[in-house]
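A.B. asks: The structure's right below; bear with me while I get my questions together.
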């Protein structure tokens, strides 16, 4: 495994920020790490990078145990924090050369040139960082995270505050990087995660509530209810639908009803039987296709 956490628990005073968190990320995976504000995303990412100590559990990068004393393992990790701290009075190329010096790279100038090319900073490399747009500052942050050629890349909210054009540019760049790196990124933008990630981990109140391929999570395999879309030929009321076994909620949207079960059992046969018994014609009866945002809300608002 490239990244592995085992039973990580982190306390801030009496508050438990992370509770027994375990997951594995294999080489070459691009994983979205999702959760509402305060769920523990940034805390977990800081722990993985070795920046923040934890109270219980273990973290491994490339089978090496992370600890505050193990400085050597950090050479395997690239980290772009949410606030992207940069020395804005420095020129882009100058900043990257200094960063390369921190890692004592022998081919410093060559590596800086490679990162400038990879991140599209060629026209900006002789500008001061303070003169760059938010999108180009994010590119500088990615360049510094990649300059020592880490096998694992941790990106905390890498697309925050970017306009649509900048979003597409950074999205394309992350996809390209992920071909050779293991990438874990957090984001509040579900469409971004769906567009670039092949797996998501959802955390809520310090605990993992879902972990799997996006297609599997959207199929409803991790949630405890089913949503069915139904349209009847005649007018019915909500109370009639709620009288059907295993139905806990029904919402009318024009002529369409969205009907939610109280468990994962398929409620379509019961709805069909209800229509037959009441001599109703069913114009539509199908399971609603979940998107990542719907699943996220169900898992984090319980």
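In our numbering, the protein residues as written are 1 to 302.
No residue lacks a Cβ here, since even glycine has one placed at the ideal position from N, Cα and C.
(1) If you draw a straight line from the alpha carbon of residue 262 to that of residue 251, how long is it in whole angstroms?
(2) Starting from residue 43, trace the beta strand (DSSP E) both ways and give me its first and last residue.
(3) How should residue 131 be labelled, buried or exposed, when 16 other C-beta atoms within 10 angstroms of its C-beta is the threshold for buried?
(4) What is the rounded straight-line gap between the Cα of residue 206 and the Cα of residue 17?
(5) Does the contact criterion of 3 or more C-beta pairs under 8 Å hold for the segment 270-288 versus the segment 187-202?
(6) Buried or exposed, going by whether 16 or more other CB atoms sit within 10 Å of the CB of residue 148?
(7) Among 86, 103, 195, which one has its Cα closest to the Cα of residue 214?
(8) Tell me the DSSP bridge mates of residue 35?
(9) With C-beta atoms as the reference, is residue 116 less than 8 Å away from residue 93?
(10) Look at the Cβ atom of residue 170, then the Cβ atom of residue 138, and state whether they are nearer than 8 Å.
(11) In whole angstroms, what separates the C-alpha of residue 160 from that of residue 3?
(12) Suppose contacts are defined by Cβ-Cβ distances below 8 Å. Is residue 265 in contact with residue 294 by that definition?
(13) Using DSSP with H/G/I as helix, E/B as strand and the rest coil, what is residue 87?
(14) Compare the C-alpha of residue 51 against each of 32, 20, 78, 87 and name the closest.
(15) For residue 67, does the count of other Cβ atoms within 10 angstroms reach 16, so buried, or fall short, so exposed?
(16) Does DSSP put residue 201 in a helix, in a strand, or in coil?
(17) Contact between the segment 6-16 and the segment 44-58: three or more CB pairs below 8 Å?
(18) I'd like to know whether the C-beta atoms of residue 172 and residue 142 end up nearer to each other than 8 Å.
(19) Buried or exposed for residue 248, going by 16 or more other Cβ atoms inside 10 Å?
(20) On the CB-based measure, 16 or more other CB atoms within 10 Å of its CB, does residue 163 come out buried or exposed?
(21) Take residue 156 and list the residues in its own chain whose beta-carbon comes closer than 7 Å to its own, dropping the five residues that flank it on each side.
(22) Under 6 Å Cβ to Cβ from residue 300, same chain only, skipping five residues before and after it: list those, please.
(23) Over the uninterrupted alpha helix (DSSP H) stretch that includes residue 98, give me the two end residues.
(24) Nearest to residue 38 by CA position, among 15, 273, 110, is which residue?
(25) At the level of alpha carbons, what is the spacing between residue 167 and residue 158?
(26) Measure the alpha-carbon distance for residue 5 versus residue 40 and round it to whole angstroms.
(27) Give the DSSP-derived three-state secondary structure of residue 141 in the structure shown.
(28) Less than 7 Å between C-beta atoms, sequence neighbours within five positions excluded: which residues of the same chain meet that for residue 47?
(29) Hey, would you say residue 128 sits closer than 8 Å to residue 91, going by beta carbons?
C.D. replies: Here's the rundown:
(1) Straight-line Cα distance between these residues: approximately 14 Å.
(2) First-last for residue 43: 41-48, but that is the alpha helix (DSSP H), not the beta strand (DSSP E).
(3) With fewer than 16 other Cβ atoms inside 10 Å of its own Cβ, residue 131 counts as exposed.
(4) A direct Cα-Cα distance of roughly 5 Å separates residue 206 from residue 17.
(5) A contact is defined here as three or more CB-CB pairs under 8 Å, and the segment 270-288 fails this definition with respect to the segment 187-202.
(6) Burial check for residue 148: the Cβ neighbour count within 10 Å reaches 16 or more, so the residue is buried.
(7) Looking only at 86, 103, 195, the smallest Cα-Cα distance to residue 214 is reached by 195.
(8) For residue 35, which the question treats as bridged, DSSP gives no partner whatsoever.
(9) Yes, these two residues count as a Cβ contact at 8 Å.
(10) Going by beta carbons, residue 170 and residue 138 fall inside the 8 Å limit.
(11) Rounded to the nearest angstrom, the two C-alpha atoms are 25 Å apart.
(12) Their beta carbons are not under 8 Å apart, which means residue 265 does not touch residue 294 by this criterion.
(13) In the three-state scheme derived from DSSP, where H, G and I count as helix and E and B as strand, residue 87 is classed as coil.
(14) Comparing C-alpha distances from residue 51 to each of 32, 20, 78, 87 shows the shortest one belongs to 78.
(15) The residue in question, residue 67, is exposed, as its Cβ has fewer than 16 Cβ neighbours within 10 Å.
(16) In this structure, DSSP gives residue 201 an extended state, which the three-state scheme calls strand.
(17) Using a Cβ-Cβ distance cut-off of 8 Å, the segment 6-16 and the segment 44-58 are in contact, since at least three pairs of beta carbons, one from each stretch, lie closer than that value.
(18) Not in contact: residue 172 and residue 142 (Cβ atoms no closer than 8 Å).
(19) Exposed is the call here.
(20) Per the 10 Å Cβ criterion, exposed.
(21) The answer, listed in chain order, is 42, 45, 80, 81, 82, 186.
(22) Scanning its chain for C-beta atoms nearer than 6 Å, with the 5 sequence neighbours on each side dropped, one finds around residue 300 the residues 36, 204, in chain order.
(23) Bounds of the alpha helix (DSSP H) holding residue 98 are 92-102.
(24) Of 15, 273, 110, the residue nearest in Cα terms is 15.
(25) Straight across, the Cα-Cα distance linking residue 167 with residue 158 is about 9 Å.
(26) Rounded to the nearest whole angstrom, the CA to CA distance from residue 5 to residue 40 is 14 Å.
(27) The answer is helix: DSSP assigns residue 141 an H, G or I state.
(28) Setting aside the 5 residues that flank it on each side, residue 47 is surrounded in the same chain by 8, 10, 54, 59, each with a C-beta closer than 7 Å to its C-beta; the list follows chain order.
(29) Against a cut-off of 8 Å, the Cβ pair of residue 91 and residue 128 comes out as a contact.
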